[in-house]
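**Q** Adding 17 to a residue's 1-based position in the sequence shown gives its number in the working numbering.
Beta carbons are placed, not taken as given, at the ideal position from N, Cα and C, and that holds for glycine.
This one's a predicted model, so the numbers in the text were calculated from it and none came from an experiment.
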Amino acid sequence: MPMDSSPVPEAGFGALATAEGNLPLDALDVHAAITGLAARVKVAQGFRNPFEKPLDATYVFPLPDRAAVTALRMEADGRVVTAELKERAAAREEYDQAIASGRRAAIAEEDRPDVFTMRVGNILPGERVTVRLTLDQPLPYEDGAATFRFPLVVAPRYIPGDPLGGPSAGSGVIPDTTAVPDASRITPPILLPGFPNPVALSITADIDPAGLPLGPVASSLHTVTAEDGALRLAPGERLDRDFILRLPYAPPTPAPGTAQHSASAEDAGSDVPQDSGSVEGVGPDVPRHSTSNENADSEADRRSGFVGGAGTGLVESLVFVPDSVGDEGGEGTFTLTLVPGQAGPALPKDVVLAIDRSGSMEGWKMIAARRAAARIVDSLQAHDRFAVLSFDHVVEHPEGLPPELVEAGDRNRFRAVEHLAILHARGGTEILAPLTRAVELLADPARDRVVVLVTDGQVGNEDQILAALSPSALNGIRVHTVGIDQAVNAGFLGRLAAHGQGRCELVESEDRLDAAMEHIHHRIAAPVLTRIALHPAAGLEILPGTLTPSRPPSLFPGVPLVLSGRYRGSQAPLTLTAVRPASQPVLLPADTTHQRDDGQAAALPTDARPTPSARTGSPSAQPHGTPSSADAQAVQTDAPGTTEAPSAAGSDEWRRTLTGRVVAHPATTTIWARAHLRDLEDSYTVRPSDELEQRLVATSLKHGVLCRFTAFVAIDSRIVTSGDTPHQVTQPVEVPQGWQRESAPTALPAAAPMMAAAPFSPAPGGTPRAAFLRARPRPGSAPAAPAAPSGPAPSGAPGAFGGAPTPPTFHVPITGAPLPPPPAPDVTPLLELELSRLKDLTDAPAEDRLRHLSDLVTRLESFSLPDLASLLEELKSSPAPLSLWPRLIEALTALTRPRKRPFWKR
């Protein structure tokens, strides 16, 4: 939707004039009510129609990837319409019918866990429509601080693959491709820099620490002020980077010799005050320490949830939240939390470090990525092995090191750091190729195997990457991600880390890098426990397929693990079993284990951490599943309902039984539902099926949480237009702060001074694709090394995104296509013709049928259809091929049956 524009100073704050008026989105208001380690967020998007005809506005926007969108409301002309959550295709149909009939309507859809699309239609000329969203989200807690992160811009993303034919799925500036079939839904036009701020941004945060000692709150990327007990964003900010608050919650330290205890169930969160904007019943989920004796809890202790000895923190917690209060035998949601101590001795491991040097990493991000990667290399021990892969659209190794794992001696580590020091940003972001190469290198299952990916994650083919890196493909390899950007693709990097049972660390500035690398230093250590399993006692049933994460990750030193799911029956004890790797000490101290009974566990996200973790020196590692060298001892803890069962000498099994508490916290189920829906969406990515789609829709509708298969739709009953097609506008978005203009992964035309629209006219000698995308090699080919540029590289060439000389490297041919080959041409019409002929010859003489069958088998083999392969082999080898005639008709009928369209195109 290219439109010419110019600044109009007299039009007021944020005004831009186009050929027909200003842009539709003119205000964004975010209000966060933070209570402990959870937040209820209310988002208001203000749309105004500057045109002389009714408007249909589209806005592609981000939300926190863990947030559960639970409500939508549309306000216009004094009327308020509450949206309904419906199956996505049905919601779209209702929206289109409403627009065609002249009624106002709004629809919100999820395209990625952190990318959404809002459409507001039939906005009358000069009219203002406000759409309000309600979200519940957990806050990560780590090293004594909780983090509230709210994204404000969908950054440009690298879109691999070849364009698909037919209409696009959305209104974005890049067409759908073989690798990203919904690319047009996640690539909004870009607002070019140099124009007045088009959107008035307001962010406020009310913070209720819920009794936790709260230190000075820090805003990482924005200026905030404190007014009337709330933090407010300074006026005039643009929607060009994430809004990040860090809340330093410090656990109170117990006096020496004081007793350790658990508060009573009657005290469970009952005195946490709630305001109108807070999440009812959701407070901090961090261990609390006693400051007195068992019967003399301080109010701060009861509210904060700190239980345990100084420096040890929470070790385990189990809470049950029934759907109906007092229904002891019904269904509900449970949340279990485990937190280990510090790491044991370092053991050998294999590490592959993949560092992104693509064009979008230009500037401070490339510097931070080099520093982060060098820190990881420096932390390796002599008994470790490692490989460094730097990548854009080619995968490279450091000069002087072979393209394989090498010992982490001083010389090899020095060569790796030398290579990292001269990397510069350039080219396209082909993430799948280095990850595939890393999996190939980490082929020894006897060693602890780790991949660390350092990137901004700005790619559109997230689903393709996750599908290729299935659990069976990873085969026990852990994947950690380090996201570096002020508008990072947190949704994808979090999904990838969870997929690889690893951790995700986000870095929004160079100042944040040192703290983040301290976390990664512990993440690449060996886990404390692996193969964690839950065993409910009699009377308690964990509903099948409801546990989230669906594949419980390993437990790492100092990093909490949170498991939640749905249950039925009594709140009976729950037994955990796990494997304790060889030579790993027991890091769950029995004399400090305590049962949380305040019901706050539901608010704890999976990367929360109760107490600061001291640096342990060097990361530890060991093979999975090998026997412990220490004899296990039977231990009885002081905490009620917790025991550690005895183990046989040399056994590697760890076991613990917990007795939970019943609490009434409705948001627990909402937060679980969002996490569970994400698991199901990732499963659908790997193995789509109608059954899984139906399950996603049913779960979303039952719990009232938006997912990729549902949509919120609000329709006004009043008819306000004649039903003519409204003018359609897609809101352009900002270039993220810190990005070089040339680093955005789309080619942007100079002819559109306000926004970057679809730049798809062919370049000389090229295809109708963006120049950035033409830098990508053909799938499956071994890319040639880009020449070291002696001056500025031509636009679109691999070296166009940096001026430094290309480092000398080994270029590794990508084994296995980094992208799947383009789909075969649609042969359905030909199959329909063959099926028709086959049916017509059913009653023909046997000789004619045999002759036709012989020719038909040859023609069908040329299509290379997997669904026909075995049947064609049978036809060639069968002594009575005519007996297979009915089966061939049945097979061709199935192949020519109309197929369901992808959910994003329905």
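If we count Cβ pairs, one from each stretch, closer than 8 Å, do we get three or more for the segment 184–193 versus the segment 113–127?
**A** no
**Q** Please state the DSSP three-state secondary structure of Pro846.
**A** helix
**Q** Could you check if Ala908 is buried or exposed, using at least 16 other CB atoms within 10 Å of its CB as the buried criterion?
**A** Ala908 is buried by the Cβ-count criterion.
**Q** Under the rule that 16 or more other beta-carbon atoms within 10 Å means buried, what is Ala5, buried or exposed?
**A** Residue 5 cannot be examined here, being either before or after the span of the chain that is shown, 18 to 923.
**Q** Helix, strand or coil: which one does DSSP assign to Phe509?
**A** Of the three classes helix, strand and coil, the one that applies to Phe509 here is helix, per DSSP.
**Q** If you follow the beta strand (DSSP E) that His869 is in, where does it begin and where does it stop?
**A** Where His869 is concerned, there is no enclosing beta strand (DSSP E), although the alpha helix (DSSP H) it sits in stretches over Ala863 to Glu878.
**Q** DSSP has Thr58 in a bridge; who is on the other side?
**A** According to the sequence shown, residue 58 is Val rather than Thr. Val58 is bridged to Ala49 and Leu152.
**Q** Does His400 pass the burial test, meaning 16 or more other C-beta atoms within 10 Å, or should it be called exposed?
**A** Exposed is the call here.
**Q** Whole angstroms are fine: how far does the CA of Pro419 sit from the CA of Val476?
**A** 29 Å
**Q** How many whole angstroms separate the CB atoms of Asp245 and Ala50, which I take to be in contact at a CB cut-off of 8 Å?
**A** Actually they do not touch by this definition, with Cβ atoms about 14 Å apart.
**Q** Note the first and the last residue of the continuous alpha helix (DSSP H) segment covering Arg388.
**A** Trp381 to Asp395
**Q** What does the alpha-carbon distance come out to for the pair Pro365 and Arg466?
**A** 9 Å
**Q** Measure from the alpha carbon of Val752 to the alpha carbon of each residue in Leu510, Asp257 and Thr354, then state which is nearest.
**A** Asp257
**Q** To the nearest angstrom, report how far apart Pro198 and Trp671 are at their CA atoms.
**A** 45 Å
**Q** Could you tell me the alpha carbon to alpha carbon distance between Ala484 and Asp699, rounded to whole angstroms?
**A** 8 Å
**Q** Assuming contact is defined by CB atoms lying nearer than 9 Å, are Asp153 and Ala684 in contact in what I supplied?
**A** yes
**Q** Return the first residue and the last residue of the alpha helix (DSSP H) that Met931 is part of.
**A** Lying before the first or after the last residue shown, residue 931 is absent from the chain, which here runs from 18 to 923.
**Q** Taking the alpha carbon of Leu54 as the point to measure from, which residue in Leu889, Ala84, Asp344 and Val77 has its own alpha carbon closest?
**A** Ala84
**Q** Could you check whether Thr99 and Leu89 sit closer than 9 Å to each other, using their CB atoms as the reference points?
**A** yes
**Q** Measuring CB to CB, does Leu713 end up less than 9 Å from Leu697?
**A** yes
**Q** State whether the segment 223–234 contacts the segment 200–213, with contact taken as three or more CB pairs (one from each stretch) at a distance under 8 Å.
**A** no
**Q** Should Gly349 and Thr563 be called a contact, given that it needs their Cβ atoms to be closer than 9 Å?
**A** no
**Q** Strictly by DSSP, which residues pair up with Ile670?
**A** The question names Ile, yet the displayed sequence has Glu at residue 670. Beta-bridge pairing links Glu670 to Val596.
**Q** Take Val596 and list the residues in its own chain whose beta-carbon comes closer than 8 Å to its own, dropping the five residues that flank it on each side.
**A** Leu546, Thr547, Arg548, His641, Gly642, Asp669, Glu670 and Trp671
**Q** Which residue comes first and which comes last in the beta strand (DSSP E) that contains Leu40?
**A** Segment: none, Leu40 is in no beta strand (DSSP E) and carries neither H nor E.
**Q** Helix, strand or coil, according to DSSP, for Ala908 in the structure here?
**A** helix
**Q** Roughly how many angstroms lie between the CA atoms of Ser894 and Gln481, to the nearest whole one?
**A** 38 Å
**Q** Using alpha carbons as the reference points, say which of Asp409, Ser879, Thr845 and His539 lies closest to Pro177.
**A** Asp409
**Q** From the DSSP output, in three-state form, read off Asp257 for me.
**A** DSSP places Asp257 in the coil class of the three-state scheme, outside both helix and strand.
**Q** Leaving out five residues on either side along the sequence, give the residues of the same chain with a beta carbon under 6 Å from the beta carbon of Gly519.
**A** Arg495, Val496 and His497
**Q** Would you report the Cα separation of Ser900 and Leu852, rounded to the nearest angstrom?
**A** Distance between the alpha carbons of Ser900 and Leu852 is about 17 Å.
**Q** Quick one: is Thr859 buried, meaning 16 or more other Cβ sit within 10 Å of its Cβ, or exposed?
**A** exposed
**Q** May I have the straight-line CA-CA distance separating Pro577 from Val524, to the nearest angstrom?
**A** The alpha-carbon separation between Pro577 and Val524 amounts to approximately 20 Å.
**Q** With distances taken between CB atoms, is the gap from Leu42 to Gln748 smaller than 9 Å?
**A** yes
**Q** Which residues in the same chain have their Cβ closer than 6 Å to the Cβ of Ser567, if we skip the five residues on either side of it in sequence?
**A** Asp696
**Q** Let me know if Ala507 comes out buried or exposed under the rule of 16 or more other beta-carbons within 10 Å of its beta-carbon.
**A** buried
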